[in-house]
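Single-structure report; data block below.
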Amino acid sequence: MQVNLLEHWWIGPVEIPTRVVLAPMAGVSVQAFRRQGRRFGAGLVCSEMVSCAGIEHRNERTLGYLRVARDEHPLAIQIFGSEPAVMAEAARMVEAAGADLVDVNFGCPVRKVTKAGAGATLLEDPLLAQAIVAAVSAAVSVPVSVKMRRGLENGSCTCLELGPRLVEAGAASLTIHPRSAKQMYTGEADHRLTAELVGRVDVPVVASGDITSHAKARAVLASTGAAAVMVGRAAQGNPWAVAEIVDGDGAEPSREEVVAELLLFVRETVRELGERRATGFLKKFYGWYLGHGRFPKPFKNELLQLATVEEVELRLLAAAPGAADLLERLEDEHAPEDELLLEGLPISAYGGG
Ligand SMILES: Cc1cc2nc3c(=O)[nH]c(=O)nc-3n(C[C@H](O)[C@H](O)[C@H](O)COP(=O)(O)O)c2cc1C
């Protein structure tokens, strides 16, 4: 089967312009990451998982995750939790914040989440999982999608039984990361399960796991019949990988382009999280951006030693002076504009305090 990643597709009434979805990643999928992903060709972007309990208690940091920019649509905001009524209320807030889709997390394998009965644990509790999807679907008018793993234990195929039941409960799309929760990120994603799931449901299925190139994306779409692929780790600090996956154009960025994109990301993240939080948050991104043989390792280590974001910026511009013009152009063309649909978001959510 021939597949074109530049084709559009639909989840319910939501049109998605390409067959590449940027994965939700806790500690990564900030607004700057999502906007950048859209710019490089992702058809749909997703927030990191947001705690429904945090939304219920109007936790300031949690509400910050509901900030939506005009140019990131279509956008899914992902919620996690274990109580249908609380999840439904969180979904209403997500819709009010301007998300085009509410995504429900039945895949997180991290103990802090599973021990509270949320994330991947719900794969083993089909009645509760169905009740959550039914409550969330009834609470909002936007489509509801579910992201799940294959099951809890290695070799488990729980997703194949659960998937159709979730669709019956109201899910308009399913994303499958076919590793077990126990596997975390080891081994390989077994997309034979993705193909089986596609055969069992009549909603679009998104294939997540180990999509690192245009060739792999095409192969997975062709062998599974999935509607789209999701890209996670390959996109970390590497929007050029997203572009390559979408259209097969694998041109390596120049050093100036790398520094300009990194600095735009730094500035937007400071604006989003505030300088104090952003300083630590950004450290992992330096290695991600500057790796791939783009800059020598000692240079990355040097950046990690710097105490302030301002020093990082000066050092990067000294290493690639031509980046300053590119950065200015990017900032002019892509100035962020928040939608501000939700009343009462904490002030720090808008400008870092
Ligand atoms: C750092 C990190 C954080 C993640 N956080 C989330 C999350 O918040 N919600 C979720 O559904 N999946 C999360 N995932 C899983 C990814 O969305 C994706 O399914 C997984 O990484 C496999 O895709 P990949 O091989 O393209 O990375 C996370 C993965 C990573 C690496």
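In the numbering used here, the protein residues as written are 41 to 393.
Beta carbons are placed, not taken as given, at the ideal position from N, Cα and C, and that holds for glycine.
Sequence-distant partners of Val153 (beyond 5 residues in either direction) whose C-beta falls short of 7 angstroms from its own C-beta, in its chain, are Phe120, Gly159.
With distances taken between CA atoms, Lys256 lies nearest to Val282 out of Ala364, Val282, Glu371, Glu236. Here DSSP, grouped into helix, strand and coil, assigns Ala160 to helix. Ligand 1 has a heavy atom closer than 8 angstroms to the beta-carbon of Thr252. Residue pairing for Asn145: DSSP places it in a beta bridge opposite Lys187. Remark: the C-beta of Gln223 is outside contact range of ligand 1, defined as less than 8 angstroms to any heavy atom. Nearest in C-alpha terms to Thr102, of all of Leu115, Ala125, Ala130, Gly83, is Ala130.
Under DSSP, Val60 takes part in a beta bridge, and its partners are Val269.
Within the same chain, Thr252, Ala281 come within 6 angstroms of Ala274 by CB-CB distance, once the 5 residues on both sides are set aside. In the three-state reduction of the DSSP assignment, Thr215 falls in the strand class. Residue state for Ala82 is assigned as coil, using DSSP reduced to three classes. Its chain contains Leu367, Leu370, Glu371 as the residues whose beta carbon lies nearer than 7 angstroms to that of Leu304, once the 5 sequence neighbours on both sides are disregarded; these appear in chain order. In the DSSP assignment, Ala364 falls outside any beta strand (DSSP E) and lies within the alpha helix (DSSP H) extending over 363-373. Non-local beta-carbon contacts of Lys323 in its own chain, meaning distances under 8 angstroms to residues more than five positions away in sequence, involve Leu344 in chain order.
In summary, Met224 is exposed, with fewer than 16 beta-carbon neighbours lying within 10 Å of its beta-carbon over all protein chains present. Remark: C-beta atoms of Pro57 and Asp143 do not approach each other more closely than 9 angstroms. Taken in chain order, the complete alpha helix (DSSP H) segments of 4 or more residues contained in the stretch 287-336 are 295-313, 315-321, 323-330.
Judged by DSSP in its simplified three-state form, Ser177 adopts helix. For Glu47, the three-state secondary structure derived from DSSP is coil. Per the coordinates, the alpha-carbon of Gln170 lies some 7 angstroms from the alpha-carbon of Arg205. For Gln76, DSSP records no beta bridge to any residue.
It is roughly 19 angstroms from the alpha-carbon of Leu313 to the alpha-carbon of Trp328. In summary, Ser181 is exposed, with fewer than 16 beta-carbon neighbours lying within 10 Å of its beta-carbon over all protein chains present. In the three-state DSSP reduction, Ser87 falls in the strand class (E or B).
The Cβ atoms of Thr215 and Leu163 do not sit closer than 9 angstroms to each other. For Glu193, the closest alpha carbon among the candidates Gly210, Thr161, Glu201, Ser177 is that of Thr161.
Within the model, the alpha-carbon separation for Ala72 versus Pro53 is close to 26 angstroms. One Cα belongs to Glu112, the other to Asn278, and the distance between them is close to 18 angstroms. The Cβ atoms of Ala363 and Glu297 sit closer than 9 angstroms to each other. Look at Val245 here: in three-state DSSP terms it is strand. In the DSSP secondary-structure assignment, Glu55 is bridged to Trp50. Ile119 has Val90, Val144 as its beta-bridge partners, per DSSP. Taking the Cβ of Ser248 as the reference point, at least one heavy atom of ligand 1 falls within a distance shorter than 8 angstroms.
Rounded to the nearest whole angstrom, the C-alpha separation of Cys92 and Val126 is 6 angstroms.
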